[in-house]
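Down below is the structure, laid out as structure tokens.
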Amino acid sequence: MDFAEQLGYIRGIVKDIIHDQGGGAPLTEVVFWDLYWFKKWQELFITPNGIYTGYFVYCGKKAQLNIGNVLLVGTMPKVTIVYCLEEKL
Numbered sequence: 007m008d009f010a011e012q013l014g015y016i017r018g019i020v021k022d023i024i025h026d027q028g029g030g031a032p033l034t035e036v037v038f039w040d041l042y043w044f045k046k047w048q049e050l051f052i053t054p055n056g057i058y059t060g061y062f063v064y065c066g067k068k069a070q071l072n073i074g075n076v077l078l079v080g081t082m083p084k085v086t087i088v089y090c091l092e093e094k095l
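Residue numbers (my numbering): 7 to 95.
See below:
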């Protein structure tokens, strides 16, 4: 998690939904624009239902609670349904 995600959020756009041969679950290719280094970088996420190409994904501490967004576990309400949980960054 970089500085922008710790204090606010960063916006990415879904460029492609990829079929994973070995995993069985589709993967989402999300492209982010890095404001500090002025370059684009991409991440792969497991695709939840309701995500499509062109969908905006927000990652960070102050991102809204919507489908596809990445938030810290401590900032979510206690009754939130979690789609994917990772142990470490």
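Ideal placement from N, C-alpha and C gives every residue a C-beta, glycine not left out.
(request) Spatial neighbours of Leu-50 within its chain, please: CB distance less than 8 Å, with the 5 preceding and 5 following residues excluded, ordered by chain position. (result) Excluding sequence neighbours, Leu-50 sits near Ile-24, Leu-33, Thr-34, Glu-35, Val-36.
(message) Considering just the uninterrupted stretch of the beta strand (DSSP E) at Gly-29, what are its terminal residues?
(response) Neither: Gly-29 is in no beta strand (DSSP E) and is coded neither H nor E.
(message) One question on the structure: do Gly-18 and Phe-44 come within less than 8 Å of each other, judged by their Cβ atoms?
(response) No, Cβ-Cβ distance for Gly-18 and Phe-44 is not below 8 Å.
(request) Give the single residue among Thr-59, Tyr-64, Asn-55 whose Cα lies nearest to the Cα of Asp-22. (result) When the alpha-carbon of Asp-22 is set against those of Thr-59, Tyr-64, Asn-55, the nearest one is in Thr-59.
(request) Could you spell out the range, first to last residue, of the beta strand (DSSP E) harbouring Glu-49? (result) Residues 45 to 52.
(request) Put Gly-80 into one of helix, strand or coil per three-state DSSP. (result) Gly-80 falls in the helix class under three-state DSSP.
(request) Determine the direct distance from the alpha carbon of Gly-28 to that of Leu-78, and round the result to whole angstroms. (result) For Leu-78 and Gly-28, the distance between alpha carbons rounds to 28 Å.
(request) Check the DSSP bridge columns for Val-85 and list the partner residues they point to. (result) Paired residue(s): none; Val-85 is not in a bridge.
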